[in-house]
Every structure is written in C-alpha cells, then in structure tokens.
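S.K.:
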Amino acid sequence: MGPQEIQHVQQSFAGIFARKADLAERFYVHLFTRLPEARGMFRGNFVKQKTMLTAMITSCVRNLDDPRTLEDIGVQLAQEHAHLDLGPREAEAAKRALIAALRDVLGAELDPETEFAWASAINRVAGTLTRH
Ligand code: HEM
32 MGPQEIQHVQ QSFAGIFARK ADLAERFYVH LFTRLPEARG MFRGNFVKQK TMLTAMITSC
92 VRNLDDPRTL EDIGVQLAQE HAHLDLGPRE AEAAKRALIA ALRDVLGAEL DPETEFAWAS
152 AINRVAGTLT RH
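With my numbering, you'll find the sequence shown wraps up at 163, consecutive numbering, no jumps.
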C-alpha cells in the first residue's frame, strides 16, 4: 500500500468520521445479510459493539502508515476474535460488508480509486480475523 493509497483512505474516512455510527450500522446490516449465522455470535450490548467497531476502524485508518502499530492492532483484533474460530469465508464477508457500508455512506464519493485503496487497507487487516 503506497502513501497515495493511504492518503485516499485517510481523506475519505475524515469525510465520514462524523457519520461513523451510520458506517457501523450499515456494516452489520451487510455482514448479517452475507453471514446470517454471525448474528447469533454477538452476546453483548450492540450499541457498544458498534462503537468498538468504529474505534477499531479509526485506529487502523490512523495507523496505516505505521506498520508496527498496525501489527499490534492486528494482534489485538486476532485475540478479540480467537474464540469465534473465524475462517476465510468470514474474513471475506467482513471485507465485502465494509466496502458495501462505505458505498452506502460515501455514495459517489467512493470513486474506483478510493475503493481500491480501501480494499488494500482492509486486506492488510482482515487476515488477522482468521486463525487459519
Ligand atoms: C472489519 C472486520 C472486523 C472488525 C474491525 C471487528 C472489530 C471488533 C471489535 C473491535 C470487537 C470488540 C472486542 C471487545 O470486546 O473489546 C469485536 C467483537 C466481536 N466481533 Fe468483530 N470485527 C470484525 C469482523 C467480525 C466478523 C466477520 C465477525 C463474525 C463473523 C465478528 C464477530 C465478532 C463478535 C461475535 C464479537 C464479540 C461480541 C460479543 O462478545 O458480544 N467480527 N469485533
């Protein structure tokens, strides 16, 4: 991921930061459409869950240009999901759900270049969700 791509992701995220609650809402709508069985995995307070998701996305976006911190965040994400035994199918669903949620919130602002940059950012992090 080059500096230009990182900038695309950070700039588009800055534009939706105030709407990050919408992003989380749309993320779970798309995740549960693609993976209905995931709904039953969530035991806690879902309002809090959405806040934790956006906090995690925020710290990934902020640290895209800091590989060591991003690695630490990846380890944390892996630990938080380890008990779920997620595989590549779930990681793929998460990637697609996040892109679809970005499309819902950004509309036409999600131009192909920005979408491509987000896809590479997500690829760097999504692998940590799986144990395989
Ligand atoms: C973009 C990808 C994802 C991100 C950034 C993400 C982020 C998070 C975060 C920050 C937490 C909170 C951990 C804590 O309690 O401190 C969490 C918990 C959780 N995540 Fe994810 N997650 C992602 C994908 C997924 C996927 C694909 C699934 C299921 C198929 C999933 C299922 C869960 C469950 C079940 C919990 C625990 C909730 C509970 O205990 O009620 N996550 N996730």
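Ideal Cβ placement from N, Cα and C applies to all residues, glycine included.
Using only alpha-carbon positions, find the residue among 159, 129, 142 that is nearest to residue 81.
M.R.: The shortest Cα separation from residue 81 among 159, 129, 142 belongs to 129.
S.K.: Look at residue 157 and residue 109 and say whether their C-beta atoms are less than 8 Å apart.
M.R.: Contact flag unset, no.
S.K.: Rounded to the nearest angstrom, how far is the Cβ of residue 148 from that of residue 39, given a contact under 8 Å?
M.R.: With 8 Å as the limit, residue 148 and residue 39 qualify as a contact, their Cβ atoms being about 4 Å apart.
S.K.: Taking the straight line between their C-alpha atoms, what separation do you get for residue 51 and residue 92?
M.R.: So the alpha carbons of these two residues sit roughly 13 Å apart.
S.K.: Leaving out five residues on either side along the sequence, give the residues of the same chain with a beta carbon under 8 Å from the beta carbon of residue 32.
M.R.: So the qualifying residues of the chain are 95, 148, 151, 152, 155.
S.K.: Consult DSSP for residue 161 and reduce its assignment to one of helix, strand or coil.
M.R.: If DSSP states are grouped into helix, strand and coil, residue 161 belongs with coil.
S.K.: Any heavy atom of the ligand HEM inside 7 Å of the beta-carbon of residue 74?
M.R.: True, at least one ligand heavy atom lies under 7 Å from that Cβ.
S.K.: Take residue 246 and list the residues in its own chain whose beta-carbon comes closer than 8 Å to its own, dropping the five residues that flank it on each side.
M.R.: One cannot answer for residue 246 here, as it falls past the ends of the chain, which runs 32 to 163.
S.K.: Thinking just about the alpha-carbon of each residue, which of 112, 136, 125 is nearest to the one in residue 43?
M.R.: Ranking 112, 136, 125 by Cα distance to residue 43 puts 136 first.
S.K.: Taking the alpha helix (DSSP H) that residue 119 belongs to, which residues open and close that run?
M.R.: Residues 119–137.
S.K.: At what residues does the alpha helix (DSSP H) containing residue 65 begin and finish?
M.R.: Residue 65 -> alpha helix (DSSP H) spans 51–65.
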